[in-house]
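Scroll down for the structure; my scribbles are underneath it.
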Amino acid sequence: MITQCRNCAGQLVFDPAKQLLVCGHCRSTFKPEEFDISEKEELLDKKAESMNDIYGMDSDEFMDCYVYICSSCGGEVMINGSEASTRCIYCGNSTVVFSRIARHKRPQAIIPFKVTKEEAVMIVRDRFRKGLFIPKEIKNFKADSIRGIYIPYWIVNCDHKAYAVIQGTVGSGKSSKTAYFGRAGRMKLKALPLDASKMLSDESSSRLEPFNFHAAKEFDDDYLLGFYSNVSDIDYGDLRSAASRRASEYFNQQALASVKNARSKKIIASDHLTTIDYKEMTYAMLPAWFITYDYRGKHNTIIVNGQTGKIVCGVPWNKVLFYSLLIATGIALTIVSFIILKPFLGAVFGDSSHRSSSSDGNGKLLGLLIGSAIAMFSFGIAKIMKVIKSINLTQAGSIFNFVKKRQE
Amino acid sequence: MDFLAFVLALGLGFGLACLIFASLLAKSNDIGNSIGQASLYSGDVVFDRREDRINRDAKETFGLGYIRPEDRKRDEPRSDLKVELERNNVTNP
């Protein structure tokens, strides 16, 4: 169904720039709050029917497909999975599927889009222009699709109780040794946003934060007009796991920081309990732009926070440029290091017949130098692998899948 | 000695180059790699037990009894959390 213009019964869509509903025909503007539920009453009975039920198909392919009749043109609108709003492929009408947001299951809050589609693309292009290793074809990318999607979230308060045993190294040189530290404590988390869509990974959605919840409004379907949206499809176990992961991360950070005068710290044993206050949870819709483009036959997705404009994406990188610069710099630094080390080693170790009295000290110094060289090289390689892994995470196919199964 | 200096220089030189370029790659291509800071959602941890330099035996038993089995039982799932999708009952035409 759609909320219709009071002046000409035209289609209304929510304009992020004006923060108002705008009629596509007469350009009249309305506040979403002006339309109350009684104006949509007649359309409440319109519900989605499953493909299997309508067409009698007993196929797994259609298990998760539903058909909704467009109230504007009568066309069949296919909706997948947990979609709550979409567009009719025939008339382009924005369709909010009431049955999926029935009154007792409606979100309680929504942060309306503030960043327009054009602004989102401009922010991305500006950012890409500054990327040293972003290929030229991507800097001038052509978007396959740009979709504004409201992601369902549960905003929760929770109590976290945990303990951790931390191993670290204390002292230096000859007197360094391994020590153990114990920390057990509690923390409260308030207004923690956890994405409620199984298809969108928590790693990607959490990177969209922070959202400014002071700008959240009481939920009104009209904010969805012109955008796509999903309903929550997770259960309590999923929510608790997500809350636990986040709370554990914060607890561990503070536990490690509380251990002073130790290095190479790591947690070697821990346990935790996260209790969500499920009477105080808020079900909310938070905005994000999903921009997809193709690069060398592979789909890539950029997510832009629809309120703040923060970009989340792992961009394919120019490997030739990266490795050639890395090798050239490596060679240059090796030459400089050699110029410094050669006379230094000659002076320290020199002719062994005159240095027998300090052979112990020289041995340790040599060990330290060798250890440093190995450690530096290992850390460097490990850091590159970590960055590549992080880039690949946000290029994951699951993000593209969250976007693709929607009507244009 | 020259060979030793060369090997050490190679390790240090390429190691440093890898660290530098990993940072440059992250800054260039890994966009938005930060989640909400802990301070946005939580206060400081209140530590009930805090022991430094515990011995090897104590580290095995440090957390025992801190999270009690009965604490876990209180965390009962709420069965109707999932937003169930409504389906219309099909009527014969």
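Going down the list, the sequences are from chains C and L.
One gets my numbering by counting positions in the first sequence from 1 and adding 762 to each.
One gets my numbering by counting positions in the second sequence from 1 and adding 3 to each.
Virtual Cβ for every residue (Gly too), placed ideally from N, Cα, C.
Should the stretch 976-994 of chain C be regarded as contacting the stretch 784-796 of chain C, the criterion being three or more beta carbon pairs within less than 8 Å?
These segments touch.
Host beta strand (DSSP E) of residue 909 of chain C (start-end): For residue 909 of chain C, the enclosing beta strand (DSSP E) has its first and last residue at 907-932.
- Task: Compare the C-beta of residue 884 of chain C with all C-beta atoms of chain L and state if any pair is closer than 8 Å.
- Result: Chain L contact via Cβ: absent.
TODO: Please list the partners that residue 6 of chain L has in chain C, where partner means a Cβ-to-Cβ separation under 8 Å.
DONE: Taking a Cβ-Cβ cut-off of 8 Å, residue 6 of chain L has no neighbours in chain C, whose nearest Cβ is about 11 Å from it.
Notebook entry, point to check: Quick one: what's got a C-beta closer than 7 Å to residue 1180 of chain C's C-beta in the same chain, skipping five residues either side?
Noted result: Outside the shown range of chain C, which is 763 to 1170, sits residue 1180 of chain C, and nothing can be said about it.
- Counting only runs of 3+ residues fully inside the stretch 1026-1082 of chain C, write out the beta strand (DSSP E) ranges in chain order. If we require 3 residues or more, the beta strand (DSSP E) runs fully inside the stretch 1026-1082 of chain C come out as 1044-1057, 1060-1067 and 1073-1076.
Q. Which chain L residues are close to residue 1075 of chain C, counting only those with a beta carbon under 7 Å from its beta carbon?
A. Within chain L, the residues near residue 1075 of chain C are 34 and 35.
CA nearest to the CA of residue 1095 of chain C, picked from L/12, L/5 and L/6: The option with the nearest alpha carbon to residue 1095 of chain C is L/12.
Bridge-paired residues (DSSP) for residue 773 of chain C:
In the DSSP output, where bridge partners are listed per residue, residue 773 of chain C has C/766.
| query | Going along chain C in order, which residues have a C-beta closer than 9 Å to the C-beta of residue 73 of chain L? | reply | Going along chain C, no residue has its Cβ under 9 Å from residue 73 of chain L, so there is no contact; the nearest lies around 11 Å.
Quick check: the stretch 1027-1035 of chain C against the stretch 925-941 of chain C, are there 3 or more CB pairs under 8 Å? Note that the stretch 1027-1035 of chain C touches the stretch 925-941 of chain C; at least 3 beta-carbon pairs, one per stretch, sit closer than 8 Å.
Residues in the stretch 54-66 of chain L having any Cβ partner in chain C nearer than 9 Å: Taking 9 Å as the upper bound on Cβ-Cβ separation, chain C lies near residues 54, 55, 56, 57, 58, 59, 61, 62, 63, 65 and 66 of the stretch 54-66 of chain L.
message: Which of the three DSSP states is assigned to residue 1086 of chain C in this structure?
response: Here residue 1086 of chain C sits in helix by DSSP.
### Query
With 8 Å set as the bound, which would you pick, yes or no: does the beta-carbon of residue 1132 of chain C sit closer than that to a beta-carbon of chain L?
With 8 Å as the cut-off, residue 1132 of chain C counts as an interface residue toward chain L.
>> Check this for me: beta carbons of residue 978 of chain C and residue 871 of chain C, under 8 Å apart or not?
In response: Going by beta carbons, residue 978 of chain C and residue 871 of chain C fall inside the 8 Å limit.
Practice problem: Please check the pair residue 34 of chain L and residue 1075 of chain C, which I expect to be a contact at CB under 8 Å, by giving their CB distance rounded to whole angstroms. | Solution: So it is a contact: roughly 5 Å between Cβ atoms.
*Check the Cβ-Cβ distances between residue 1096 of chain C and every residue of chain L, and say whether any is below 8 Å.*
Interface residue, yes.
Using only CA atoms, which one of C/1003, C/1077, C/929 and C/945 lies nearest to residue 918 of chain C? If you compare the alpha carbons of C/1003, C/1077, C/929 and C/945 with that of residue 918 of chain C, the shortest gap goes to C/1003.
Please report the straight-line C-alpha distance between residue 948 of chain C and residue 976 of chain C, rounded to a whole angstrom. When the Cα atoms are used, residue 948 of chain C and residue 976 of chain C turn out to be separated by approximately 27 Å.
Specify, as a first and last residue, the run of the beta strand (DSSP E) that residue 57 of chain L falls within. Segment 49-57, the beta strand (DSSP E) holding residue 57 of chain L.
Considering only their Cβ atoms, is the gap separating residue 1071 of chain C from residue 910 of chain C smaller than 8 Å? Taking 8 Å as the Cβ cut-off, residue 910 of chain C and residue 1071 of chain C do not qualify as a contacting pair.
Next item on the list: Using the DSSP secondary-structure output, state which residues sit across from residue 785 of chain C in a beta bridge.
Entry: For residue 785 of chain C, DSSP records a beta bridge to C/774.
| said: Going by the DSSP bridge assignment, what does residue 69 of chain L pair with across the sheet? | reply: Note: residue 69 of chain L sits in no beta bridge, so no partner.
Which residues mark the beginning and the end of the alpha helix (DSSP H) in which residue 16 of chain L is found? For residue 16 of chain L, the enclosing alpha helix (DSSP H) begins and ends at 5-32.
C-beta contact flag for residue 1055 of chain C and residue 904 of chain C at 8 Å: Against a cut-off of 8 Å, the Cβ pair of residue 904 of chain C and residue 1055 of chain C comes out as a contact.
Could you tell me whether the Cβ atoms of residue 967 of chain C and residue 957 of chain C are closer together than 8 Å? Contact flag set, yes.
Original post:
Any C-beta of chain L sitting closer than 8 Å to the C-beta of residue 1125 of chain C?
Top reply: It does not: the Cβ of residue 1125 of chain C has no partner Cβ on chain L nearer than 8 Å.
request  = Starting from residue 871 of chain C, follow its DSSP beta bridges and name the residues at the other end.
outcome  = Its beta-bridge partners are C/980 and C/1046.
Near residue 821 of chain C, what residues of its chain come up, given a Cβ to Cβ distance below 6 Å and the 5 sequence neighbours on each side ignored?
The predicted model places residue 821 of chain C with a pLDDT of 47, which falls under 50 and marks its position as unreliable; any figure quoted below should be read in that light. Closer than 6 Å at Cβ, skipping near neighbours: no residue.
Legend entry - Chain-ordered chain L contacts of residue 1142 of chain C [CB-CB under 8 Å]: Residues of chain L passing the Cβ test: 17, 18, 19, 20, 21, 22 and 25.
Note to self: Considering only the alpha carbon of each residue, which of C/1029, C/1001, C/1089 and C/767 lies closest to residue 940 of chain C?
What the structure shows: Per the Cα distances, C/1029.
(Q) Here's the rule I'm using: 16 or more other beta-carbon atoms within 10 Å means buried, otherwise exposed. How should residue 999 of chain C be labelled? (A) Residue 999 of chain C is exposed by the Cβ-count criterion.
Inter-residue spacing [alpha-carbon to alpha-carbon] between residue 1142 of chain C and residue 782 of chain C: One C-alpha to the other measures close to 51 Å.
**Q.** Alpha-carbon spacing of residue 899 of chain C relative to residue 1064 of chain C, whole angstroms
**A.** When rounded, the distance between both Cα atoms is 15 Å.
- [ ] Name, in chain order, the residues that DSSP records as bridge partners for residue 945 of chain C.
- [x] DSSP lists C/926 and L/53 as partners of residue 945 of chain C.
Measuring alpha carbon to alpha carbon, tell me which of L/9, L/20 and L/5 ends up nearest residue 1086 of chain C. With distances taken between CA atoms, residue 1086 of chain C lies nearest to L/20 out of L/9, L/20 and L/5.
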